[in-house]
Amino acid sequence: MKKSGLQRRIATTASIFLALFVVALIRTFHLCVVQSPELRAKATKQHARRVSAPTERGAIVDRHGELLAMTVGSASIYMRPHRFDVQSTGYVAKVMGMPAAEVSAAAAKSSKFVWLRRAVTPEQADALADVPGIGFEASRRRIYPRGTLAGQVIGLSDVDLRGHWGVEESQDRFLRGVAEPVSVECDARGRGMMREGAPPPLSQPGARVELTLDSTLQQVVETELETAVTSNKAEAGTAVVMDPNTGEILALANYPTFDPGARGGSLNQLARNRAISDFYEPGSTFKAIVAAAALEAGVVRPDEKLYCEGGSYTVGKRVVHDHESYGWLTFADVIKHSSNICTAKVGERLGPQRLGPAIAEFGFGRPTGLGLPGESRGLVRPWQNWARIHTVTTSFGQGISVTPIQLIRGFSVLANGGRLMRPYLVRRVTAADGTVLVDNQPVVEGRPISAETARTVTQMLLGVVEAGTGTKAQVEGISVAGKTGTAQKVVNGKYSARDRMSSFIGYLPAEAPRFVILVVIDTPRSATYGGLVAAPAFRKIAEFGVDRLGLREARPQIQPVEPAPQVQLAGWTVPDARPGMPSFLGLSMREALKEAQRAGWVVKTDGSGVVVEQDPPVGAVGADGRTLKLRLATAAG
């Protein structure tokens, strides 16, 4: 080979190596200088990770400190399918309480890591500790010691301890706690290697949330609500108990109930809190609100007589009906007997320009501010757009929709002397170190009516319970003011000919109320009138409430009387010569109760109107106990 050829080859080879060196140098510069921050971050991410200890989610308790929700130790079970021994399938399934097919399906996956079950007990994790391919991580899980009690109020938290629905969601920022993550070095497979002397992960427990609920009262309310729904073959029901003087919610129940500790396909539906999310036409219960507005405006007097058109009243192309053919009634009797027609006439006296704003002042048409997620504002048509028929129907609770929580707040205005209170459910939030983070107090949001108007309406509502459509809401020894409601249910945008929303709302003791209680029964089948369907449940709840607070009046003590010579009559004895049991026949409810209680009788009534039958019969004396049963001519309610 010639010398010149060899030199060219050497020069070419040198040039190639020089070019490669320059490229390598540039690449090295780019990696070490230009891309250095990015690569350093990737390396840190691959060889170190931040981990946090499971947080201690705060407890939820009732007003007396009874636990409603708490966090306990738990574990999350995972599987590494390529290491799992399929012969252990049956054992794992038994320990986990899951189908063997589900374990087999996890083992058949091609991935190297599969979560098998989250939030299991430590005992389950210990039982699987020696199974090849099965591992666990320590975690925490939420439990609800009272099961379904107040389930829709409390809500739930998921496997990651994040709150959903109810108090769990609304107070999540306080309940969830704070975890301070620490760095952990990892090996090539991503497994953590905590170096000796490194600090362990730190966490700060969540706050304790104290509710206004009374668990014992809540249990009674749920029991009586379930009885009312099932015995009347209804679809659902809601009941709320509120302190009208403070706005505290003492009990809030829905049926069907919801178990926060369960998981299922109907979770969303059952977790819905009907008391705040569902709105319905209140029917005749709304007449008390209209009465208050009318009395406050001075357009009617309680003793003023109104003509109820014999049960049929034409408004344009529509006809308004009453359940009975009433003629002339005082306004107090209009409310007592629940006349649609005469209430509508009073509503027309107010007119849209006064009735509409009055409804708004009672809080209808906007959320109450209770603080739970999913609260509805109801449905109130702007009064500026009302035609005459809208004024008429709104007056007796049709064409307007309210939530149960709105209605009970509105009635609290009547009970507490005219103040619109903001309802609240969270009483206090306390951090782990004892610091009070939230301390809710009663809030007055307005004064729709005067105290005098509230007293007048209360007297009218006393008549409803004593001798009107709400006699089945009577509580022995306690004065009850209340109102029945039976409204057509709107189904697919139209009024149903069959379906009804039946309700009763009242407060007691009427002279100094401690409770306002609302019971709403959705689509009852065995009966429809609120006085028959919802009032008995109201009475049972009220009886427990007054006994719990010791409000029941002492019964009068009757001195024994030497009996006269007697003859037997159907289990009772009738004196030969002098009169015995007096006659209550023909008396009104109020008159009969006044006379009977003055004589020391414990009175049980059935129906409303005037007394048509009594037991013991007229003239009888002597029997076991001092119970007088009166049957009155029935008026629909």
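Offset between the sequence shown (1-based) and our numbering: plus 2.
We treat Cβ as the ideally placed atom computed from N, Cα and C, and that holds for glycine.
Nothing here was measured: the structure is a model prediction, and the numbers come from that model.
Helix or strand or just coil, what does DSSP make of residue i?
{"i": "LYS491", "result": "strand"}
{"i": "GLU283", "result": "coil"}
{"i": "ASN234", "result": "coil"}
{"i": "VAL382", "result": "coil"}
{"i": "ILE560", "result": "Residue placement at ILE560 cannot be trusted, given a pLDDT of 34 that sits under 50; the coordinates are not used to answer."}
{"i": "HIS339", "result": "helix"}
{"i": "LEU272", "result": "helix"}
{"i": "ALA107", "result": "helix"}
{"i": "THR405", "result": "coil"}
{"i": "LYS474", "result": "helix"}
{"i": "THR607", "result": "strand"}
{"i": "LEU634", "result": "strand"}
{"i": "HIS689", "result": "Residue 689 lies beyond the range of the chain shown here (3 to 639); nothing can be said about it."}
{"i": "HIS84", "result": "helix"}
{"i": "GLN9", "result": "helix"}
{"i": "GLU58", "result": "coil"}
{"i": "ALA71", "result": "strand"}
{"i": "GLU377", "result": "coil"}
Could you tell me the distance, in whole angstroms, from the CA atom of residue i to the CA atom of residue j?
{"i": "PRO258", "j": "PRO134", "result": "44 angstroms"}
{"i": "THR455", "j": "PHE413", "result": "13 angstroms"}
{"i": "PHE288", "j": "ARG424", "result": "19 angstroms"}
{"i": "GLY263", "j": "VAL301", "result": "54 angstroms"}
{"i": "ARG557", "j": "GLY353", "result": "Note that ARG557 scores a pLDDT of 39, beneath 50, so its modelled location is shaky; the value from the coordinates is reported in the next line. Approximately 47 angstroms, taken between the alpha carbons."}
{"i": "LEU427", "j": "GLU40", "result": "51 angstroms"}
{"i": "THR332", "j": "ILE361", "result": "23 angstroms"}
{"i": "VAL161", "j": "THR229", "result": "34 angstroms"}
{"i": "VAL116", "j": "GLN154", "result": "33 angstroms"}
{"i": "LEU520", "j": "ASN387", "result": "31 angstroms"}
{"i": "GLU224", "j": "THR316", "result": "42 angstroms"}
{"i": "LEU534", "j": "LYS474", "result": "7 angstroms"}
{"i": "GLY92", "j": "ASP261", "result": "29 angstroms"}
{"i": "ASP305", "j": "ARG390", "result": "26 angstroms"}
{"i": "GLY508", "j": "VAL482", "result": "7 angstroms"}
{"i": "LEU571", "j": "VAL466", "result": "Any reading at LEU571 is ruled out, since the residue's pLDDT is 31, under 50, leaving its predicted position unreliable."}
{"i": "SER341", "j": "LEU227", "result": "28 angstroms"}
Going by DSSP, what residue range makes up the alpha helix (DSSP H) through residue i?
{"i": "GLY358", "result": "354–363"}
{"i": "THR393", "result": "390–397"}
{"i": "LEU177", "result": "174–177"}
{"i": "LYS542", "result": "537–550"}
For the beta strand (DSSP E) that residue i lies in, which residues bound it at each end?
{"i": "ASP441", "result": "438–441"}
{"i": "LYS289", "result": "Per DSSP, LYS289 belongs to no beta strand (DSSP E); it is in the alpha helix (DSSP H), 289–299."}
{"i": "MET100", "result": "Here MET100 belongs to no beta strand (DSSP E), and DSSP marks it neither H nor E."}
{"i": "ILE451", "result": "Element bounds for ILE451: n/a, residue is neither H nor E."}
{"i": "ILE145", "result": "136–145"}
{"i": "ASP128", "result": "Taken as a continuous stretch (DSSP letters only), ASP128 belongs to no beta strand (DSSP E), being part of the alpha helix (DSSP H) at 124–129."}
{"i": "SER314", "result": "314–317"}
{"i": "ALA248", "result": "The residue asked about is misnamed: residue 248 is Thr in this sequence, not Ala. Where THR248 is concerned, there is no enclosing beta strand (DSSP E), given that its DSSP letter is neither H nor E."}
{"i": "LEU308", "result": "307–309"}
{"i": "LEU213", "result": "210–213"}
{"i": "THR432", "result": "428–432"}
Sort out for me which residues DSSP pairs residue i with in a bridge.
{"i": "ARG119", "result": "ILE79"}
{"i": "MET423", "result": "VAL446"}
{"i": "ILE519", "result": "VAL243 and GLY508"}
{"i": "ASN256", "result": "THR240"}
{"i": "ALA483", "result": "TYR509"}
{"i": "LEU151", "result": "Beta-bridge pairing links LEU151 to no other residue."}
{"i": "TRP330", "result": "TYR309"}
{"i": "ARG502", "result": "GLN490"}
Just mark residue i as buried or exposed, buried being the case when its beta carbon has 16 or more other beta carbons within 10 Å.
{"i": "PRO147", "result": "exposed"}
{"i": "ASN418", "result": "buried"}
{"i": "SER141", "result": "buried"}
{"i": "TYR497", "result": "exposed"}
{"i": "SER76", "result": "buried"}
{"i": "ARG541", "result": "buried"}
{"i": "ILE28", "result": "exposed"}
{"i": "LYS338", "result": "buried"}
{"i": "ALA625", "result": "Confidence at ALA625 is low in this model, with a pLDDT of 48, below 50, so the placement of that residue should be treated as unreliable; the coordinate-derived value is given next. By the neighbour-count rule (16 or more Cβ atoms within 10 Å), ALA625 is not buried but exposed."}
{"i": "ILE343", "result": "buried"}
{"i": "ILE18", "result": "exposed"}
{"i": "LEU22", "result": "exposed"}
{"i": "VAL394", "result": "buried"}
{"i": "ASP441", "result": "exposed"}
{"i": "ASP549", "result": "exposed"}
{"i": "GLY67", "result": "exposed"}
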